[in-house]
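Enquirer:
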Ligand SMILES: *Cc1c(COP(=O)(O)O)cnc(C)c1O
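In the numbering used here, the protein residues as written are 47 to 485.
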């Protein structure tokens, strides 16, 4: 990406770090004259004045007709659902942050997931997915896709070879989260890429299997799946990228050749990101991403180590714990912009109990006590917030997973998900201590 300074001289931005890029984005963009605005204005118009019928016609021809290489021409804006400046600016910056050629934003993370799967599959196709998924993704795959005759095979992808057990000629997509929601399974992206490449050797271009990674838990600060071999990376902007819990959004990042299909899907299915939400991510989310996630990782590491030493805790899943089953894989792929190991801000832990029922009762007691008595922990879904959030996946975010499937997917009845916020970590640990004491 070449950026320009205020005098329109080309600046060689390759010398600057990503932390700096996240603040400045593209200094000059054809999407807006932001060489003179320090921050881009909130663009709050749904429609755009056209000087002539010919300009209108040209705009419709240009829409979703991206040049495969080189920079976009200055767009002719027509109607918000087709495109408008705030989303376009955000997309330029998100593509760069995730190391993709293009990004297309959506109203929510689920909007992004359903759009990408919508352009990659059709009736008769099959998807292979890791069996532990965010609850709504699980529900999309298992309640809706059968109606469209799209079969989703759920397997344990922590062992990459397992894709071979359900692979068929109809397989079009391998889909997973790493770390997975809620239990932080880590899936080896490089190893899956190697296996999929071998399978793809035998296939014509149109039938090649695509690897899709939901990067929401890691955020691009901790992991860039495309650099590791994924075809697409998806993020919920609602979580760590937005960072303040004020707006919903989602994004798909990948190769330029998929941009037009995604834009057309977004236009017709309609999950368009609100321009004001796009502006919040440009103005607050991205410029503070590094500093927020760094602080959350520091806290999460300390909290995980603390929990790991408590005798009321059965086990702790955190990619930064050296005794964690997936520690080595995490160390390979969860790397920040400067090459440091970045195990993320989420922790999953299970309280002891004589059996699953007692463990679940203890988790409930713990969380109900926290909801009333902990100043630094809020019982709420979501993650990547300024506040530390705890929740009970089995009864909240993952309540759509059938009870008899919970143990197969390693979602413990007594499992607790903690998303580190920005509080002083000693305060969080002292609140955790209080809550553990009453169990
Ligand atoms: C929250 C979440 C989503 C969905 O994002 P929304 O913005 O809530 O639609 C998708 N994947 C993961 C891993 C999530 O945590």
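Note that the Cβ used here is the ideal one computed from N, Cα and C, for glycine as well.
Bear in mind that the values here come from a model prediction, so they are computed numbers and not experimental data.
Give the C-beta separation of residue 294 and residue 424 to the nearest angstrom, bearing in mind that I take them to be a contact with Cβ-Cβ under 8 Å.
Expert: For the purposes of this step, residue 294 is identified with residue 248 of the chain shown, where counting begins at 1. For the purposes of this step, residue 424 is identified with residue 378 of the chain shown, where counting begins at 1. Rounded, the Cβ-Cβ distance is 18 Å, inconsistent with contact.
Enquirer: Taking 8 Å as the threshold (C-beta atoms), are residue 405 and residue 459 in contact?
Expert: One-based indexing of the chain shown puts residue 459 at position 413. One-based indexing of the chain shown puts residue 405 at position 359. In contact: residue 459 and residue 405 (Cβ atoms closer than 8 Å).
Enquirer: Round the Cβ separation of residue 252 and residue 390 to the nearest angstrom and send it over; I've been treating them as touching at under 8 Å.
Expert: If you number the chain shown from 1, residue 252 lands on position 206. If you number the chain shown from 1, residue 390 lands on position 344. Rounded, the Cβ-Cβ distance is 36 Å, inconsistent with contact.
Enquirer: Report yes if the CB atom of residue 261 is closer than 8 Å to the CB atom of residue 245, and no otherwise.
Expert: What you label residue 261 is simply residue 215 of the chain shown in a count that begins at 1. What you label residue 245 is simply residue 199 of the chain shown in a count that begins at 1. In this structure, residue 245 does not lie closer than 8 Å to residue 261 by Cβ.
Enquirer: Can you tell me where the beta strand (DSSP E) holding residue 485 begins and where it ends?
Expert: By 1-based counting over the chain shown, the position of residue 485 is 439. Neither: residue 485 is in no beta strand (DSSP E) and is coded neither H nor E.
Enquirer: Use the C-beta contact count for residue 248: other C-beta atoms within 10 angstroms, 16 or more gives buried, fewer gives exposed.
Expert: Along the chain shown, one-based indexing puts residue 248 at 202. Exposed, by the Cβ-count rule.
Enquirer: Quick one: is the Cβ of residue 227 within less than 7 Å of any heavy atom of ligand 1?
Expert: Here residue 227 refers to the residue found at position 181 of the chain shown. Residue 227: yes, Cβ under 7 Å from ligand 1.
Enquirer: If I follow the unbroken alpha helix (DSSP H) through residue 236, where does it start and stop?
Expert: The residue labelled residue 236 in the question sits at position 190 within the chain shown. It spans 235-247 - the alpha helix (DSSP H) in which residue 236 sits, taken as one unbroken run.
Enquirer: Quick check on residue 287: does DSSP put it in helix, strand or coil?
Expert: Counting from 1 along the chain shown, the entry for residue 287 is found at position 241. In the structure shown, residue 287 sits in a helix (DSSP, three-state: H, G or I).
Enquirer: In angstroms with no decimal places, state the Cα-to-Cα distance between residue 182 and residue 166.
Expert: Stepping through the chain shown from its first residue, residue 182 is reached at position 136. Stepping through the chain shown from its first residue, residue 166 is reached at position 120. C-alpha separation (whole angstroms): 19 Å.
Enquirer: Over the uninterrupted beta strand (DSSP E) stretch that includes residue 149, give me the two end residues.
Expert: For the purposes of this step, residue 149 is taken as the residue at position 103 of the chain shown. 148-152 is the extent of the beta strand (DSSP E) around residue 149.
Enquirer: Nearest to residue 136 by alpha carbon, out of 377, 359 and 327?
Expert: Position 90 of the chain shown, counted from the start, is the residue given in the question as residue 136. That would be 327, whose Cα lies nearest to the Cα of residue 136.
Enquirer: Comparing the CB of residue 286 with every heavy atom of ligand 1, is any distance shorter than 7 Å?
Expert: Here residue 286 corresponds to residue number 240 of the chain shown, with the count starting at 1. No, since every heavy atom of ligand 1 falls outside the 7 Å radius drawn around the Cβ of residue 286.
Enquirer: Roughly how many whole angstroms lie between the Cα atoms of residue 62 and residue 145?
Expert: As a first step, residue 62 is located in the chain shown; it is residue number 16 there, counting from the start. As a first step, residue 145 is located in the chain shown; it is residue number 99 there, counting from the start. Roughly 15 Å separates the two Cα atoms.
Enquirer: What would DSSP say about residue 281, mapped onto helix, strand or coil?
Expert: In the chain shown, the residue the question calls residue 281 occupies position 235. DSSP places residue 281 in strand when its eight states are reduced to three.
Enquirer: CA-CA distance, residue 370 and residue 230?
Expert: The residue you call residue 370 lines up with position 324 of the chain shown. The residue you call residue 230 lines up with position 184 of the chain shown. So the alpha carbons of these two residues sit roughly 10 Å apart.
Enquirer: Verify the contact flag: residue 437, CB atom, against every heavy atom of ligand 1, threshold strictly below 7 Å.
Expert: In the chain shown, residue 437 corresponds to position 391, counting from 1. Every heavy atom of ligand 1 is 7 Å or more from the Cβ of residue 437, so no.
Enquirer: Can you determine whether any heavy atom of ligand 1 sits closer than 7 Å to the C-beta of residue 263, and answer yes or no?
Expert: Here residue 263 refers to the residue found at position 217 of the chain shown. Yes, the Cβ of residue 263 comes within 7 Å of a heavy atom of ligand 1.
Enquirer: Apply the 10 Å Cβ neighbour rule to residue 75 and answer buried if 16 or more other Cβ atoms are within range, or exposed otherwise.
Expert: Mapped onto the chain shown, residue 75 falls at position 29. Looking at its Cβ environment, which holds 16 or more other Cβ atoms inside 10 Å, residue 75 is buried.
Enquirer: Taking residue 260 as part of the beta strand (DSSP E), name the residues at either end of that continuous run.
Expert: As a first step, residue 260 is located in the chain shown; it is residue number 214 there, counting from the start. Here the beta strand (DSSP E) through residue 260 covers 256-260.
Enquirer: For residue 296, is the beta carbon positioned less than 7 Å from some heavy atom of ligand 1?
Expert: Position 250 of the chain shown, counted from the first residue, corresponds to residue 296. Within the cutoff, so yes.
Enquirer: Starting from residue 463, trace the beta strand (DSSP E) in both directions and tell me its first and last residue.
Expert: The residue given as residue 463 occupies position 417 in the chain shown. That run of the beta strand (DSSP E) goes 461-465.
Enquirer: Could you tell me if residue 395 is buried or exposed, where buried requires 16 or more neighbouring beta carbons within 10 angstroms of its beta carbon?
Expert: In the chain shown, counting from the first residue as 1, residue 395 sits at position 349. Classification for residue 395: buried.
Enquirer: Going by beta carbon distance, what residues of the same chain come within less than 6 Å of residue 288, once the five residues before and after it are set aside?
Expert: For this step, residue 288 is matched to residue 242 along the chain shown. Closer than 6 Å at Cβ, skipping near neighbours: 327 and 331.
Enquirer: Would you kindly work out how many angstroms separate the C-alpha atoms of residue 51 and residue 325, rounded to a whole number?
Expert: Your numbering for residue 51 matches position 5 in the chain shown. Your numbering for residue 325 matches position 279 in the chain shown. Model confidence at residue 51 stands at a pLDDT of 40, short of 50, so the residue's coordinates are unreliable; what they give is reported in the following sentence. Straight-line Cα distance between these residues: approximately 22 Å.
Enquirer: Which residues does DSSP list as the beta-bridge partners of residue 220?
Expert: The residue given as residue 220 occupies position 174 in the chain shown. Partner(s): 174 and 257.
Enquirer: If you draw a straight line from the alpha carbon of residue 99 to that of residue 191, how long is it in whole angstroms?
Expert: Position 53 of the chain shown, counted from the start, is the residue given in the question as residue 99. Position 145 of the chain shown, counted from the start, is the residue given in the question as residue 191. Their backbone Cα atoms lie some 42 Å apart in a straight line.
Enquirer: Quick test of your reading: residue 421 and residue 477, contact by CB under 8 Å. State the CB separation rounded to the nearest angstrom.
Expert: If you number the chain shown from 1, residue 421 lands on position 375. If you number the chain shown from 1, residue 477 lands on position 431. Right, the Cβ-Cβ distance comes to about 6 Å (below 8 Å), so this counts as a contact.
Enquirer: What is the rounded straight-line gap between the Cα of residue 219 and the Cα of residue 174?
Expert: Indexing the chain shown from 1 puts residue 219 at position 173. Indexing the chain shown from 1 puts residue 174 at position 128. Distance between the alpha carbons of residue 219 and residue 174 is about 6 Å.
Enquirer: Alpha carbon to alpha carbon, how far is residue 439 from residue 89?
Expert: For the purposes of this step, residue 439 is identified with residue 393 of the chain shown, where counting begins at 1. For the purposes of this step, residue 89 is identified with residue 43 of the chain shown, where counting begins at 1. Their backbone Cα atoms lie some 38 Å apart in a straight line.
Enquirer: Do you know how far the Cα of residue 310 is from the Cα of residue 467?
Expert: Residue numbering aside, residue 467 sits at position 421 when the chain shown is read from its first letter. Residue numbering aside, residue 310 sits at position 264 when the chain shown is read from its first letter. In a straight line, the C-alpha of residue 467 is about 37 Å away from that of residue 310.
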